[in-house]
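Working notes for the structure below.
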Amino acid sequence: MDKIEHIGIAVKDLETSNKLFEKLFGAPHYKIEEVASEGVRTSFFKTGPNKIELLEAIKEDSPIAKFIERKGEGVHHIAFAVEDIEQEIERLKGEGFTVLNEKPKKGADNKLVVFLHPKTTNGVLVELCQEISTNEG
Ligand code: ZN
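Count along the sequence shown starting at 1, add 19, and that's the number in our numbering.
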């Protein structure tokens, strides 16, 4: 596993939170992206070398909607960059971690992603993400 790729924060209202985090970081978000399959709209901020992702639910059964219902707004997941996501999934399963989606899926920001069940990671939702190579023409 490589560096922390980003930290995900669940918010109720993306517009409101974009303004808040813009004040906090002293810089605006640099992109907004909808991931329809996950039922979320996301925005991204850069703080130095770090990246923060805000996530807003766009439908009621979205995992973000459920998270906010249970825990309120706040830190939702920590994402780590990996070079070979399939290999890392196999390794982590071998170590006894539960992978939430067996097949990596397309996440925001041009990434293949999988999540580990927080029950097996001391309550922390861990995301693994691999950059999708863009040299396919
Ligand atoms: Zn994420």
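C-beta: ideal position from N, C-alpha, C; glycine also.
Distance between K124 and L131, taken at the CA atoms: about 5 Å. Nearest to I23 by C-alpha distance, out of L74, E88, A98, F40, is A98. Looking at the backbone, the Cα of L111 and that of K31 are separated by about 32 Å. Residue pairing of E53 in beta bridges, as defined by DSSP: R60. Contact between A100 and D21 holds, since their C-beta atoms are separated by about 4 Å, short of 8 Å. By the criterion of at least three beta-carbon pairs nearer than 8 Å, the segment 55 to 64 is in contact with the segment 72 to 88. Shortest Cα-Cα distance from D80 to any of D128, S56, G93, E102 involves S56.
G93 carries a strand assignment under DSSP once its states are collapsed to helix, strand and coil. Each residue's CA atom was taken as its position, placing E105 and F40 some 34 Å apart.
A check of alpha carbon separations from L135 across E109, D128, A29 identifies E109 as the nearest. Where K138 is concerned, there is no enclosing beta strand (DSSP E), because DSSP gives it neither an H nor an E. When DSSP reads this structure, G126 sits in a beta bridge with K130.
Secondary structure note for L111: its alpha helix (DSSP H) is the uninterrupted segment 104 to 113.
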